[in-house]
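For reference, the structure discussed in these notes is given below.
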């Protein structure tokens, strides 16, 4: 049972490192893009040329490395948390609600939620901060 967080962290880290590096190295064929003029196409038309997607992919690689290492897992979750929320928001609001049921979206969401729940005591200081 105590190896489950290590395995979950390694899997989550591997996923983010793989897809982050794929943005730069193109080793996984991604197929055609969304239909022209569709909300996902317009979204990517805004974030690709501005360099925002490159910034997100660098954060994915950094967060993936951090979450893979048990001592830095919580820091990695802080880096990856906003990215996971945006993946969910994109798939629900922009790509259409059914896109949220794709296997990678489910896997990343569940692994992140599990690791956050497992390390919830470490995040207590962020939530329960008392003013002194």
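Numbering (the working numbering), first residue to last: 1 to 132.
Cβ coordinates follow ideal geometry from the N, Cα and C atoms, glycine included.
Residue i versus residue j: straight-line alpha-carbon distance, rounded
i	j	result
residue 63	residue 128	24 angstroms
residue 2	residue 118	10 angstroms
residue 52	residue 22	16 angstroms
residue 48	residue 114	31 angstroms
residue 104	residue 27	17 angstroms
residue 112	residue 93	20 angstroms
residue 32	residue 54	19 angstroms
residue 65	residue 13	6 angstroms
residue 45	residue 6	37 angstroms
residue 110	residue 37	32 angstroms
Sequence-distant residues of the same chain with beta carbon closer than 6 angstroms to residue i, five excluded per side
i	result
residue 99	91
residue 34	40 and 41
Helix, strand or coil at residue i [DSSP, three-state]
i	result
residue 51	coil
residue 58	helix
residue 121	helix
residue 128	coil
residue 26	coil
residue 69	coil
residue 3	coil
residue 34	coil
For residue j and residue i, believed in contact at Cβ under 8 angstroms, the rounded distance
i	j	result
residue 57	residue 20	5 angstroms
residue 123	residue 74	7 angstroms
residue 9	residue 68	6 angstroms
Of the listed residues the options, nearest to residue i (C-alpha basis)
i	options	result
residue 76	121, 60, 87 and 124	60
residue 106	89, 36, 38 and 125	89
residue 16	122, 83, 121 and 126	83
residue 116	18, 11 and 81	81
residue 154	78, 25, 30 and 24	Only positions 1 to 132 of the chain appear in this structure, which leaves residue 154 out of reach.
Close-in-space but distant-in-sequence residues of the same chain around residue i (CB under 8 angstroms, 5 per side omitted)
i	result
residue 43	90 and 94
residue 11	107 and 111
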